[in-house]
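All residue numbers for the sequence shown refer to numbering that gives the first Met the number 0, where the first residue is 0 and numbers rise by one. Here is the structure we will look at, set down as structure tokens.
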Amino acid sequence: MQIRRLSPALGAEVTGIDVAKISDSQFETLRQAWNDAEGFLVLRAQTLEPEEHVAFARRFGPLFGEADQFQESVLKNLLPGQPALYRVSNKKDAKGEPLGRERAGTYWHSDVSFRREPAQASLLYGIEVPDNGGDTMFASLSKAYAALSDAMKRLLGTLDAVHDFRVAAVSSGSYAQSDLANQDFDGKNRAIHPVVVRHPETGRPTLYVNPGFTSHLDGFDQAESDALLRFLYTHCQRPEFIYRHRWSQGDMVIWDNRCTMHFAVSDYNADRYMHRATVVAQQPQRYRAEEQRCTG
Ligand code: OGA
Ligand code: MN
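Shown next as structure tokens:
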């Protein structure tokens with residue numbers, strides 16, 4: 000297996016492995032490489048059955064569709080017979096029925112951050128990709144955090160943010176009203192998380208807010224919250240924190256929702272068809288700078 004860094008911000012490319020036949024020690028090497036590359040890996044040239052994709056994803060932890068359910072509004076996008084795979088596609092079947100969620104995530108977001116137990120890894124497998132266009136952008140929220148002043152870090156370290164599926168569902172314009180299920184707004188898809196969290200594997204501090212799902216900073220007036228969040232989002236989107244992935248057919252892309260956010264660029268008309276497995280995270284925990292110094 001060969002591992003090559005893709006950008007100083009985040010990301011590494013892995014060639015020379017077959018995800019369907021991975022050993023435990025190869026998996027540990029991959030997980031380490033994933034953490035070293037700030038939570039982004041692409042495993043090139045895979046040919047996987049849905050069951051093989053799901054079996055690989057389970058190595059990271061329990062899956063949405065199995066251990067926990069996705070929100071009702073997106074259940075029609077799951078692969079029939081394989082509820083752990085979410086179809087992201089602009090294709091339609093012979094009857095004109097969508098073969099998945101068209102143009103998912105065309106705004107900066109971290110998957111499922113509106114749940115008390117949100118997503119850790121997402122594993123998106125590019126089965127059919129446009130010749131050009133349809134890239135996905137990733138921003139390192141740990142790199143963005145590290146570049147803030149100490150005064151800003153101290154302020155943010157005490158704050159909490161409210162995340163709500165309603166933000167994307169209602170304001171992004173990317174969901175049709177008819178796609179939305181009322182029960183998704185009854186509280187299960189709303190959560191409060193610290194603004195600065197400790198990555199449970201690396202111990203590193205990272206921002207955990209995103210324009211797609213974060214509604215406001217807890218306890219602040221809306222205008223105050225908007226101003227601070229707008230600053231953070233502009234900061235996080237600086238080019239030096241971003242890697243833009245250009246897809247090749249057979250790419251298995253694994254990103255870490257605990258320390259990155261991503262954006263699907265909607266600039267293509269060609270067919271695009273992908274399957275995503277989504278791993279359930281533990282509840283995000285606040286990063287405590289003091290403890291960190293004591294325990295090393
Ligand atoms: C997702 C998502 C990005 C893309 O599947 O979570 O945001 O480029 N997709 O399709
Ligand atoms: Mn997403």
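Every residue, glycine too, gets a C-beta built ideally from N, C-alpha and C. Please read all numbers here as calculations on a predicted model, not as lab measurements.
Is residue i a contact residue of ligand 1, with contact defined as CB to any heavy atom under 7 angstroms?
i, result
"M251", "no"
"A263", "yes"
"R275", "yes"
"V87", "yes"
"S247", "no"
"T259", "no"
"L123", "yes"
"T135", "yes"
Can you grab the Cα-Cα spacing for the pair residue i / residue j, in whole Å?
i, j, result
"R257", "R115", "13 angstroms"
"M273", "F69", "17 angstroms"
"P49", "Q119", "20 angstroms"
"M0", "G15", "5 angstroms"
"S109", "S139", "11 angstroms"
"P117", "L62", "11 angstroms"
"Q25", "R57", "15 angstroms"
"A103", "T157", "32 angstroms"
"L29", "A222", "43 angstroms"
"A190", "G218", "14 angstroms"
"V13", "P283", "28 angstroms"
"D178", "D149", "44 angstroms"
"P79", "L228", "39 angstroms"
Quick one: give me the first and last residue of the beta strand (DSSP E) that residue i is part of.
i, result
"P349", "The requested residue 349 is not part of the displayed model; the chain covers only 0 to 295."
"S88", "Q81 to S88"
"E12", "A11 to T14"
Taking residue i as part of the alpha helix (DSSP H), name the residues at either end of that continuous run.
i, result
"Y232", "Q221 to C235"
"R30", "D23 to D35"
"S141", "L140 to A145"
"E51", "P49 to R57"
"R287", "No alpha helix (DSSP H) holds R287; DSSP gives it neither H nor E."
"L155", "D149 to L155"
Apart from the five residues just before and just after residue i, which ones in its own chain have a Cβ nearer than 6 angstroms to its Cβ?
i, result
"D67", "V279"
"A226", "none"
Which same chain residues end up closer than 8 angstroms to residue i when comparing Cβ atoms and leaving out the 5 residues on each side of it in sequence?
i, result
"G10", "R4, A36, E37, F39, L40, V41, F137, Y242 and H244"
"E71", "A180, Q182 and D183"
"K142", "A8, L9, E37, E239 and F240"
"Q248", "G125, I126, E127 and V128"
"R285", "G156, P193, V195, V196 and R197"
Please return the same chain residues whose Cβ sits closer than 7 angstroms to the Cβ of residue i, not counting the five positions on each side in sequence.
i, result
"G295", "Because G295 carries a pLDDT of 49, less than 50, the predicted location of this residue cannot be relied on, and no value is offered for it."
"Y267", "P129, G132 and G133"
"A276", "H52, V53, A56, L62, A83, L84 and L122"
Would you say residue i faces chain B, with C-beta separation under 8 angstroms as the test?
i, result
"L231", "Absence of chain B from the displayed structure is noted, only one protein chain being present."
Quiz: which residues have CB nearer than 5 angstroms to ligand 2 non-hydrogen atoms: The set, ordered by position in the chain, is G104 and D110.
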